[in-house]
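Enquirer: Each residue of the first sequence is one higher than the last, beginning at 1254 in my numbering.
Submitted below is the structure of interest, expressed as structure tokens.
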Amino acid sequence: MNAKPTHTFTNHDVAEHLRLIATLKEIKGEGRFHWLAFRNAADVIDNLPEDVNDIAAAGTLTDLPGVGKGVAEVIEQFLATGDSELAGKLRSQVPVTLVELTEVPGLGAKKVARLWRELGITTLAELKAAAEAHRIRELKGFGAKTEENILKGVALLEQRRHARTPLGVARPQALGLIQALREALPADAITAIEPAGSLRRWKETVGDLDILAITPDPAQVMAAFQQLPQVEEVLLGGETKTRVRLHGGLECDLRVVEPRHWGTALQYFTGSKAHNIELRELALKQGWSLSEYGLKATGKGDAPAGEERFFETEEALYAFLGLDWIPPEMRENRGEIALAQTHALPHLLTRDDILGELHGHSDWSDGRVSIEAMAEAAIARGYRYWLLSDHSVGLGVTGGVDGEKLAEQRKIVDALNAQWAREGVDFRLLLGVELEILADGSLALPDDVLARLDVVVASIHSSLRQDRETITERCLKAIRNPHVDILGHPTSRLLGKRPPTEIDMERVLQACAETGTVVEINAHPWRLDLNDVHARRAVDLGCKIAISTDAHRLTDMDYLIYGVGVARRAWLTPDDVINTRPVDAMLALLKKN
DNA sequence: GCCGTTTTCGGCCCGACTGTTTTCAGTCG
1254 MNAKPTHTFT NHDVAEHLRL IATLKEIKGE GRFHWLAFRN AADVIDNLPE DVNDIAAAGT
1314 LTDLPGVGKG VAEVIEQFLA TGDSELAGKL RSQVPVTLVE LTEVPGLGAK KVARLWRELG
1374 ITTLAELKAA AEAHRIRELK GFGAKTEENI LKGVALLEQR RHARTPLGVA RPQALGLIQA
1434 LREALPADAI TAIEPAGSLR RWKETVGDLD ILAITPDPAQ VMAAFQQLPQ VEEVLLGGET
1494 KTRVRLHGGL ECDLRVVEPR HWGTALQYFT GSKAHNIELR ELALKQGWSL SEYGLKATGK
1554 GDAPAGEERF FETEEALYAF LGLDWIPPEM RENRGEIALA QTHALPHLLT RDDILGELHG
1614 HSDWSDGRVS IEAMAEAAIA RGYRYWLLSD HSVGLGVTGG VDGEKLAEQR KIVDALNAQW
1674 AREGVDFRLL LGVELEILAD GSLALPDDVL ARLDVVVASI HSSLRQDRET ITERCLKAIR
1734 NPHVDILGHP TSRLLGKRPP TEIDMERVLQ ACAETGTVVE INAHPWRLDL NDVHARRAVD
1794 LGCKIAISTD AHRLTDMDYL IYGVGVARRA WLTPDDVINT RPVDAMLALL KKN
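The following block contains the structure:
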């Protein structure tokens, strides 16, 4: 057991500890359901909107699905000490370095256990050496091909090419692949083709791409897919399923199905895995076994065993099981199936509900184009308002605006608004600022300057490594300022580049709810900050949300769809989001408590 | 280890593909 904890552990830390236990148990050879329970519990904790520390403090851990006495005890120990007795015991029985070996593609717990017991392999380096010395093929059930795959897998791991890819990178690639495949084939070769998987669920990062297609000639489509210029290597090629690695490292699965299977197949390949398992268990209770091909009667329900049902649409499948169609963004097994059963699913926000944006820059700070050009781009997108919020002074790298420059901006904004009014354009350019929250929590501009602005967005850009208490208090000071309307990108993370600050999101969101401070979902695909789980929590606590792209150039406004994706994953309705409202109603909501 | 519309025991989602076999276990999603 480790000594005292140095910081509070997050839900994700807890989930990773449970996954470690699961993998060690699996390698050790414990029964499938003993370790599966820990992995299931890890998924539940990872998807939790509440802070697991609060649940543990309230003593209600075992109320969580999949968390019983055993798992709860491990969680409690981990939160208190950063470790658990069970994990310690397992580490004394199984070398913990074996966990890394299970990350080699093609190697699972069973093979890793045999490599360890029969060849004494415990590390990636030893694995590589054994494969190179052809010692692995001497084991029964292992061969030359396995050795080859192990070496390739180790090389991949060493290059860290298995990291998840931001949705903003993956989505254009998937759409590009689909277009390229269509162009490579005759017009009638593909009847339908859709991206599925976490991409269709708008998850902030994706592990790989899943594309589903209907075609009268699977072999032709599979061959064309393997020959696309984007493809670096074909990893697996069957009659209905092909996996390739694209240049850049992202992997992509293509599956082809018959039209009558489309509904179940699209549902299955969209996931999430947890949602699918829940759905299959629900089907089983009704006497049906669900697969990507359809439903087959088990004989334990009303239909005779073996009877099959097929569904050309997802809607028909969900309806057959007594459910409303569930938007893909909600399919994470966070309670959506129960809501669909009672016809109580929320009416999710859509892109078209957004009437304007409340965070954007011009060339007065680090934006690339003029105030007028940004506003014209907003008008061209059908927006009815747009907030000019250049960086304030206090952020060294961009210069930034002060009281004097804001007064100049006001004149420009007034003149532009007057011009649009004369022309009959239904659009308001709002003047604000992205106000720097300084390292000590003071604000970079005085109250009298802030009072003259339409909207103030306050954000943190510096001293991002402050400890949890310091950065939380710093942020709370800004939230309590009556002129701060919106808290911008609350954790300052950049996906894959910079971790979130250690900020105590629960306290921050509570303070936002108390003061009436709106919380931003920054739609830039490298930020997506708030994330889906925190956005859900914010609304549960009574916060209102603003979704903006933080545009620095004209095309950045295209990123809005990613912010809407986060909002939909957080089950947000138009009412939860302030920039779904006409400008005056929106501004009225910014009055603080 | 967890759980209950078969509730305190006896189950626990389903199928494609690969590699090594010769009927299947392991891995993956």
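Note that CB positions come from ideal geometry on N, CA and C, so glycine has one too.
These figures come from a predicted structure and were not determined experimentally.
Are I1280 and V1347 close, meaning C-beta to C-beta below 8 Å?
Expert: yes
Enquirer: Taking the straight line between their C-alpha atoms, what separation do you get for D1555 and Y1546?
Expert: 20 Å
Enquirer: For V1702, which of helix, strand or coil comes out of DSSP?
Expert: helix
Enquirer: Any contact of the segment 1397 to 1407 with the segment 1354 to 1363, i.e. 3+ C-beta pairs under 8 Å?
Expert: yes
Enquirer: Go ahead and label T1808 buried or exposed: buried means 16 or more other beta carbons lie within 10 angstroms of its beta carbon, across all protein chains shown.
Expert: exposed
Enquirer: Using DSSP's beta-bridge definition, name the partner residues of T1495.
Expert: G1490, L1507
Enquirer: What does DSSP give as the partner residues of P1318 in its beta bridges?
Expert: DSSP output for P1318 lists no bridge partner at all.
Enquirer: Quick check on A1855: does DSSP put it in helix, strand or coil?
Expert: Examination of residue 1855 is not possible in this model, given that the chain is present from 1254 through 1846 alone.
Enquirer: On the CB-based measure, 16 or more other CB atoms within 10 Å of its CB, does Q1662 come out buried or exposed?
Expert: buried
Enquirer: Can you check which of these residues, Y1812, L1574, W1541, is closest to A1776 by C-alpha distance?
Expert: Y1812
Enquirer: Do you know whose CA, among V1710, R1675, A1731, lies nearest A1692's CA?
Expert: A1731
Enquirer: Between which two residues does the beta strand (DSSP E) containing A1445 stretch?
Expert: 1445 to 1448
Enquirer: Could you tell me the distance, in whole angstroms, from the CA atom of E1759 to the CA atom of E1560?
Expert: About 50 Å.
Enquirer: Between the Cα of A1449 and the Cα atoms of H1614, L1519, M1839, which residue gives the shortest distance?
Expert: L1519
Enquirer: Please state if the CB of G1524 and the CB of R1454 are separated by a distance shorter than 8 Å.
Expert: yes
Enquirer: Going by beta carbon distance, what residues of the same chain come within less than 8 Å of G1552, once the five residues before and after it are set aside?
Expert: Same-chain partners within the cutoff: G1540, A1558, G1559.
Enquirer: I'd like to confirm the pairing. Which residues does DSSP put opposite A1416 in its beta bridges?
Expert: Looking at the DSSP assignment, A1416 forms no beta bridge with any residue, so it has no partner.
Enquirer: For D1667, which option in E1625, V1702, G1656 has the closest C-alpha, if you only look at C-alpha atoms?
Expert: E1625
Enquirer: Applying the criterion that 16 or more other CB atoms from any shown protein chain within 10 Å of the CB defines a buried residue, is A1340 buried or exposed?
Expert: buried
Enquirer: Does the Cβ-Cβ distance between F1331 and F1395 come in under 8 Å?
Expert: no
Enquirer: When the Cα of A1847 is compared with those of Q1594, R1344, D1441, which residue comes out closest?
Expert: Examination of residue 1847 is not possible in this model, given that the chain is present from 1254 through 1846 alone.
Enquirer: Along the chain, where does the beta strand (DSSP E) that runs through Y1638 open and close?
Expert: 1638 to 1641
Enquirer: Between the segment 1819 to 1826 and the segment 1743 to 1757, can you find at least three pairs of beta-carbon atoms closer than 8 Å?
Expert: no
Enquirer: Inspect the beta-carbon positions of L1535 and I1590 and report whether they are closer than 8 Å.
Expert: Judged by their CB atoms, L1535 and I1590 are nearer to each other than the 8 Å cut-off.
Enquirer: For S1451, tell me which candidate among D1461, A1445, L1430 has the shortest Cα-Cα distance.
Expert: D1461
Enquirer: Is the beta carbon of A1382 closer than 8 Å to that of I1403?
Expert: Not closer than 8 Å, so no.
Enquirer: Could you name the residues that DSSP lists as bridge partners for A1804?
Expert: BP columns for A1804 point to G1613.
Enquirer: Measuring CA to CA, which of A1423, T1399, E1401, D1307 is closest to P1778?
Expert: Looking from the CA of P1778, the closest CA among A1423, T1399, E1401, D1307 belongs to A1423.
Enquirer: For the alpha helix (DSSP H) that contains V1709, what are its first and last residues?
Expert: DSSP places V1709 in no alpha helix (DSSP H) but in the uninterrupted beta strand (DSSP E) bounded by 1708 to 1712.
Enquirer: For L1669 and L1682, what's the separation of their Cα atoms in angstroms?
Expert: 8 Å
Enquirer: So the candidates are G1635, P1419, T1770, H1736; which of them puts its Cα closest to the Cα of D1701?
Expert: Out of G1635, P1419, T1770, H1736, the CA that lies nearest to the CA of D1701 is found in H1736.
Enquirer: Using CA atoms only, rank isn't needed, just tell me which of D1828, N1784, G1502, L1717 is closest to Q1483.
Expert: G1502
Enquirer: Distance, Cα to Cα, D1266 vs V1305?
Expert: Rounded to whole angstroms, D1266 to V1305 spans 10 Å at the Cα level.
Enquirer: With the cut-off set at 8 Å, would you say V1709 and L1688 are in Cβ contact?
Expert: yes
Enquirer: Taking the alpha carbon of F1680 as the point to measure from, which residue in E1629, L1825, E1657, T1725 has its own alpha carbon closest?
Expert: F1680 has its Cα closest to that of E1629, out of E1629, L1825, E1657, T1725.
Enquirer: Are there three or more Cβ pairs, one per stretch, closer than 8 Å when the segment 1612 to 1621 is compared with the segment 1472 to 1490?
Expert: no
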